[in-house]
Every structure is written in structure tokens, then in C-alpha cells.
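**Student:** Following this message is one structure expressed as C-alpha cells.
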Amino acid sequence: MSTKQAIKVENLNKSFGKGDAFVDVIKDANFTINKGELVALIAPSGAGKTTLLMMLGCVNEPNSGTMWLGDEKVFENKWLTKETRKIRREKIGFIFQAHYLIPFLNIIDNLTLLPQANKVADKESKAKAKELLKYFDIADKENAMPSQLSGGQNQRVAIARALMNNPEIILADEPTAALDMNRSVDVVKMLKKIALEQDVAIVMVTHDDRMLEYCDRIMKIENRSVVFV
Amino acid sequence: MIYLAKEDIKHTLGKFIVTAMGVGMLLGIVLIMIGVYRGMIADARVILDDLDVDLWVVQEDTLGPFAEASRIHEDLKFTLKGYQAIDKSEAITFQNIQIPFHEKQLSVMAIGYDVYGSIVPINTKRLIAGRTLQNDHYEIVVSDKTDYKLGDTIPLGRDIYTVVGITHGTVASGGDPLVYVSLKDAQTLQFTYTNKRIQTDRARGIPSGGDAHLVNAIIATVYPSYRVDATAKTLRKWLHKGIYTREQQTDVLTKYVVEKASKQIGLFTVILIVVATIIISLIIYTMTLEKMKEISIMKLIGLPNSTIVKMIVEETLLLGVLAFIFGNVFSHLIYTKFPKNVVLQAPDALTLFIIVVIASIVASFVGVKKVISADPTAAIGG
């Protein structure tokens with residue numbers, strides 16, 4: 507049965523190194539994020555925001571604990587599947603500081619690349635891409651190259667790419683870092699709208715306190731613990 | 028369907044083509060090197076094929092005029108004719124001489140033969156102007172590589188020779204053009220010394236002139252009803268001379284004369300192929316390095332390694348194939364400019380193509396290794 511739960515972690519721990527070089531980064535993290543929520547992740551530099559994001563994205567392996575993505579338990583002291591990349595491909599969308607579109611692919615190809623890897627029919631993925639481009643008001647740019655678009659337009663394409671695989675979760679690593687205030691607000695409002703309309707949980711790392719008012723909840727890493735404020 | 032390799036190449040087409048042209052020139056040189064070897068073999072066979080004789084009689088315990096000095100008496104041809112199995116036999120000389128060439132000297136191989144004899148070494152199919160020799164003296168047939176025209180005169184020794192015929196494609200195993208003179212003229216050129224030398228010889232008690240009736244080989248044909256190898260065996264027993272069949276003389280040319288050169292060319296070719304593989308590897312490695320950010324992004328968003336590896340391997344193969352095509356075009360454009368005969372053959376090109384494909388696959392490993400080891404988190408700032 508489908509639930510509202512998008513991410514659930516229990517007693518999640520992550521440390522690096524051994525002996526004198528041992529660093530405890532995340533300790534006994536327990537939280538649940540539901541679909542439709544836009545959650546801000548804040549912490550000082552080096553506190554472990556990216557580490558936590560990479561664990562939620564099945565890129566970095568936690569040391570211990572349990573993690574669910576949607577209804578599927580993906581980690582219990584070890585990955586429960588060898589193909590963590592498949593989980594990313596099917597369940598997770600990523601948005602980065604810069605747009606990081608593939609420079610040698612045009613906009614429509616940038617969007618349909620992931621569905622192609624998921625064996626989605628060309629026609630279907632193209633229709634979805636066009637629909638998203640329309641949604642983001644850049645329908646006329648489908649054949650343009652990333653170098654021909656403005657920073658804001660490229661960031662909207664990057665958000666559209668994150669939605670192409672109908673993800674349950676979007677992990678956004680400072681998506682407004684490269685944008686001015688007005689555009690940053692536009693992007694965060696857009697993420698909020700996507701979270702609600704597409705029923706996706708979005709975890710957004712941000713350093714900009716002005717963006718927090720648009721988020722549903724604020725998650726903070728404090729002394730290696732994950733807390734909501 | 029998105030073909031990443033195609034789109035990536037399209038994005039940097041100019042750079043890709045220039046790179047392929049560079050590697051192509053290297054492969055073109057590989058083809059030329061193979062062509063030089065083939066040319067040497069073809070050149071070595073010109074004299075043998077044009078003479079089209081069954082037996083070579085040379086000085087005992089020598090391999091014959093193509094490999095080492097051989098001198099035998101001219102009148103041996105009459106002895107040879109006395110054998111039942113022998114149809115025709117003639118004396119022949121080979122000597123390297125220098126002829127004037129555009130105010131310089133050109134090294135040529137002069138073949139001397141009996142103008143009135145039964146075996147003519149000039150292949151009439153190769154005669155592109157004039158005629159073969161008809162007089163015993165002062166006529167010469169030259170290769171078109173010497174740039175002489177019909178009626179031109181060439182000073183040789185103490186005499187002036189007139190060009191009466193021009194041949195095409197006539198070269199010795201070393202690549203020197205061939206010229207043809209009468210046997211008498213050839214012997215004069217070989218045995219007539221300068222006045223000062225004759226004077227010195229006389230002072231030393233050496234009779235002047237010496238035996239001018241020496242030749243380098245006697246060539247003979249065998250009646251069709253006799254077996255060539257059996258005839259050679261009989262002659263070997265009675266004549267105390269070196270007797271070689273045409274096949275044996277071909278072996279002498281290809282194994283003893285051309286072998287060292289072919290080994291050298293073979294080694295150069297192998298080195299060039301290794302260098303080409305290393306260059307392709309480095310190019311692919313650099314091309315992969317330039318895409319590391321994109322590769323990390325692709326891995327992070329979930330694209331399987333196979334999709335990215337396929338892109339690298341396809342790009343490498345395309346680079347190899349394109350370079351091979353450029354190499355072929357390049358070699359065909361320049362091979363006639365080489366002073367020595369260069370023979371480009373399709374089977375050699377096909378072999379090189381297979382080697383290039385294998386080398387490209389090997390070269391792609393460095394890029395593939397880089398892809399597999401790429402850290403997806405490198406895409407994210409920290």
C-alpha cells in the first residue's frame with residue numbers, strides 16, 4: 507500500500523577514517539520526510555550536509571542504521587541491493603548548485619537521457635519532456651544547446667531533468683547558490699509548487715536563510731545530530 | 028534514441044577531425060612503410076620476371092650476382108648449349124654505374140646482354156618509347172626514372188651512348204633504375220681502365236686489359252620436355268658452378284637481399300603502430316578527463332556504467348576508423364612522391380584496419396578505467 511512516507515531513517519550513522527583520523531559525521535539520525543514536503547537542510551560548512559544528502563541519495567553508504575525510500579527498505583546496516591544506482595535512476599531526482607546539464611546534448615536529449623536508461627519508450631519520454639518544458643515555460647528551447655540558454659533557464663531545465671523519472675524524492679544541493687535573490691525565490695517557490703503538485707519530497711541544502719520561509723520544515727545538523735527547528 | 032558518442036563528437040567536430048587527421052597521418056606512414064617493403068619485393072622480382080629464364084649459372088660457391096660478386100667465363104654459354112636439355116643460353120652482366128642526372132650523378136644498374144642473342148632481358152611491355160638495342164655499340168635503353176629522352180646522349184667511360192629506348196617500372200632490388208647496354212659495351216665499361224691505371228699496371232708487370240670476356244652469370248632456358256630441377260642437378264655435377272633455378276634465385280633475392288631491409292621496415296612499422304596506439308590512448312584519456320564532470324553527473328543521476336563506457340569505446344573506435352580513412356587517403360596522395368617504389372595493397376590496408384580496431388579497443392581501456400573509477404560525488408560541491 508502506498509504511503510505518504512518518502513524518506514525514513516532510523517539510527518543512521520556515518521563516520522570517516524580510523525584511529526586518530528576518525529571523524530563522526532552523522533550520529534543516530536532519526537527522521538521521516540513525507541511526499542509533498544519541501545524540507546530545507548541547513549548547517550555550517552563541513553557539518554555533513556552533503557554527506558547526509560549523499561546517503562539519502564544512495565551514493566555514500568552509511569555505517570549503520572536503517573533507511574527507507576518510499577515503501578522500500580534500502581539499507582539495514584548494509585545496502586539491501588547491489589544496484590544502488592538503479593534506485594537513484596528510478597526513485598531520486600538530483601538538482602545541483604549549477605545546472606550541470608550535459609553540454610553536448612540539446613535540452614530535449616538532456617531530459618530524455620535518464621528515461622532512456624530506464625528503458626522508457628522514446629515517444630513517451632519525449633512527450634513527458636515537452637510537457638515539463640511547457641510547465642517551466644521554456645517549451646521553445648527543446649532543441650537549443652545548454653550554452654544557448656541563460657543561467658535561470660538552464661536551472662529550470664535541470665529541475666525538469668530531476669522530474670523526468672517521476673521521482674519520489676528530489677535532493678537539491680544549494681540549487682539557488684548561483685542565482686540572484688529574485689531568481690532564487692522563483693526557484694524555491696517552483697520547488698515548493700513541484701513538491702505539492704508532483705507529490706515529491708524535496709530535501710534542499712541551502713545557506714540562504716531568506717529561502718527558509720518558503721520551506722515546510724527546516725532540518726539542521728547540530729553536533730552530528732539531525733534535528734528539526 | 029540518444030547516441031552519446033555521436034552527440035559528443037558533433038559538439039567538438041572540428042577538434043575530433045583534426046585529431047583523427049593527425050593520427051591518420053601516422054597510420055598513413057605505417058601504410059607507406061608496408062608499401063616500401065612490398066615495393067622492394069616487387070622491385071627485386073623485376074629482373075627475374077623480365078628475363079623469364081629457368082636457370083642461373085653463377086660462380087661456384089656464390090649466391091649469384093644479386094647477392095655477391097660472381098664472375099664466370101662468357102664462353103660457358105656454348106658449353107651449356109651442348110646439353111640436351113638446354114634450349115637457350117646467354118651471358119649477362121650486372122654492374123652499378125653512375126650516369127649524369129640534372130647536374131648530379133644518378134646510381135643505376137646496367138644490364139649487359141648479347142644484342143644478337145636469343146634472350147632479351149628487356150620486357151617489351153615495359154618499353155614505353157623507342158626500341159630495344161639493335162647494335163653492339165653505343166646504344167642504351169634507360170628507365171623513365173632517369174629523365175632521359177629518346178636521342179639524348181650519355182657519356183659513359185670513354186664513349187658516348189645514345190638513348191634508343193625508354194622503359195617504365197624497371198628497377199633493381201635496391202631501387203636503382205635499370206639501363207640496358209650491349210654485352211660488349213658492358214664488358215668495356217667493366218674492364219677498361221684509365222690510361223694512368225694501365226700505365227701503373229704495366230709498371231707492376233700486370234698485363235693490360237686482362238680477360239674482358241668475363242660475365243656475371245649465364246642464363247638459360249630448358250626445353251619443356253625436361254625437368255628444370257633435374258637439369259640443374261646434372262649441371263651442378265658436371266660444371267662445378269653455382270646453378271640456381273628461378274625459384275632459388277627468387278629466394279636469394281627475397282631472403283638474402285631484401286630480408287634485412289624488410290625486418291627493419293617491419294620493426295619500424297610495429298613501433299609506429301605502438302606509437303599510434305599510445306597516442307590514441309592519450310587522446311581518449313584527455314577527452315575523458317575533459318568530460319569528468321559530466322561523467323560524474325551521469326553516474327550520480329543513475330546512468331549505468333555501460334552507457335558511459337559505450338560512449339568512450341565508440342568514440343575511440345570512430346577515432347581509429349576515421350584516422351585509418353585519413354591515413355589511406357594520405358598515403359595514396361603521397362606514395363608516388365617517394366624516390367623508391369611504394370606498392371600499396373588492399374590486403375595490407377585491411378590488416379592495418381583490423382590492427383587499428385584492436386588498438387583502438389585497447390586504447391579505450393584507459394578512458395573506460397577512468398569512467399569506472401569516477402566518483403559520482405565529485406559532481407556535488409561540499
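Each protein sequence line maps, in turn, to chains A and B. Reading the first sequence from the start, the letters are residues 507 to 735 in the numbering used here. Reading the second sequence from the start, the letters are residues 28 to 409 in the numbering used here. The beta-carbon is built from N, C-alpha and C at its ideal position, and this holds for glycine as well.
#1: Can you look up residue 409/B in the DSSP assignment and give me helix, strand or coil?
#2: Starting from the C-beta of residue 548/A, find all residues in its chain whose C-beta is less than 7 Å away, skip the five residues before and the five after it, and write them out in chain order.
#3: Ignore the nearest five residues each way along the sequence and tell me which others in residue 128/B's own chain have a CB closer than 8 Å to its CB.
#4: Within 9 Å of any Cβ in chain A, is that where the Cβ of residue 409/B sits?
#5: Since residue 387/B contacts residue 343/B with CB under 8 Å, what's their CB separation in whole angstroms?
#6: On the DSSP bridge list, what partners appear for residue 514/A?
#7: With three or more beta-carbon pairs closer than 8 Å as the criterion, would you say the region 561-569 of chain A touches the region 30-44 of chain B?
#8: According to a CB-to-CB cut-off of less than 8 Å, which residues of the region 557-585 of chain A neighbour chain B?
#9: Buried or exposed, going by whether 16 or more other CB atoms sit within 10 Å of the CB of residue 615/A?
#10: On the three-state DSSP scale, how would you describe residue 318/B?
#11: Check the C-beta distance from residue 213/B over to residue 137/B and give it rounded, since I have them as a contact under 8 Å.
#12: For a test of the three-state rule: what should DSSP assign to residue 761/A, helix, strand or coil?
#13: Run through DSSP, which three-state label would residue 100/B get?
#14: Is the CB of residue 623/A under 9 Å away from at least one CB in chain B?
#15: If I measure Cβ to Cβ from residue 255/B and keep anything under 6 Å in the same chain, skipping five residues before and after, which residues do I get?
#16: Measuring CA to CA, which of 88/B, 111/B and 106/B is closest to residue 252/B?
#17: Out of 377/B, 358/B and 263/B, state which residue places its alpha-carbon closest to the alpha-carbon of residue 369/B.
#18: Relative to the alpha-carbon of residue 392/B, which residue among 122/B, 68/B, 335/B and 140/B has its alpha-carbon at the smallest distance?
#19: Specify the secondary structure class of residue 712/A as computed by DSSP and reduced to three states.
#20: So for residue 616/A, helix, strand or coil by DSSP?
#21: Skipping 5 residues on each side, what residues in its chain have a beta carbon closer than 6 Å to that of residue 349/B?
#22: So is residue 596/A in contact with chain B if we call contact Cβ pairs under 9 Å?
#23: Sorted by chain position, which residues of the same chain lie with C-beta nearer than 7 Å to residue 409/B's C-beta, five sequence neighbours on each side aside?
#24: Using a Cβ cut-off of 9 Å, pull out every chain B residue sitting near residue 592/A, in sequence order please.
#25: Using the C-alpha atoms, what's the distance from residue 218/B back to residue 245/B?
#26: Pull up the CB-CB distance for residue 278/B and residue 209/B, whole angstroms please, since I reckon it's below 8 Å.
#27: Report buried or exposed for residue 618/A, applying the criterion of at least 16 other Cβ atoms within 10 angstroms of its Cβ.
#28: Mind pulling the chain B residues with CB within less than 9 Å of residue 600/A?
#29: Under 7 Å Cβ-Cβ, which residues of chain B neighbour residue 522/A?
#30: How about residue 35/B: is its C-beta nearer than 9 Å to some C-beta of chain A?
#31: Quick check: the region 645-662 of chain A against the region 576-588 of chain A, are at least 3 beta-carbon pairs closer than 8 Å?
#32: Which of helix, strand or coil does DSSP assign to residue 52/B?
#33: Tell me whether residue 522/A sits in a helix, a strand or coil according to DSSP, three-state version.
#34: Could you check the C-alpha separation between residue 93/B and residue 86/B for me, to the nearest Å?
#35: Please work out which residues of its chain come closer than 8 Å, Cβ to Cβ, to residue 311/B, disregarding the five sequence neighbours upstream and downstream, and give them in chain order.
#36: What does residue 342/B touch in chain A if you count any residue whose Cβ is under 7 Å from its own?
**Tutor:** In this structure, then:
#1: Residue placement at residue 409/B is poorly supported in this model, since its pLDDT is 42, which falls under 50; the coordinates still yield a value, given next. Coil.
#2: 712, 724 and 726
#3: 173 and 174
#4: Unreliable placement is indicated for residue 409/B, whose pLDDT of 42 sits below 50; the coordinate value is still reported in the next sentence. Closer than 9 Å: yes.
#5: 5 Å
#6: 538/A and 574/A
#7: no
#8: 559, 560, 563, 565 and 566
#9: buried
#10: coil
#11: 6 Å
#12: In this structure chain A extends from 507 to 735, so residue 761/A is not present and cannot be described.
#13: strand
#14: yes
#15: 81, 249 and 272
#16: 111/B
#17: 358/B
#18: 335/B
#19: coil
#20: helix
#21: 47
#22: yes
#23: Residue placement at residue 409/B is poorly supported in this model, since its pLDDT is 42, which falls under 50; the coordinates still yield a value, given next. Excluding residues within five positions, none has a Cβ falling inside 7 Å.
#24: 329 and 331
#25: 18 Å
#26: No, residue 278/B and residue 209/B are not in contact; Cβ-Cβ is about 30 Å, not under 8 Å.
#27: buried
#28: 324, 327, 328, 329, 406 and 407
#29: Chain B residues near residue 522/A: none, gap ~13 Å exceeds 7 Å.
#30: yes
#31: no
#32: helix
#33: strand
#34: 12 Å
#35: 339, 342, 343, 346, 390, 391, 393 and 394
#36: Going along chain A, no residue has its Cβ under 7 Å from residue 342/B, so there is no contact; the nearest lies around 11 Å.
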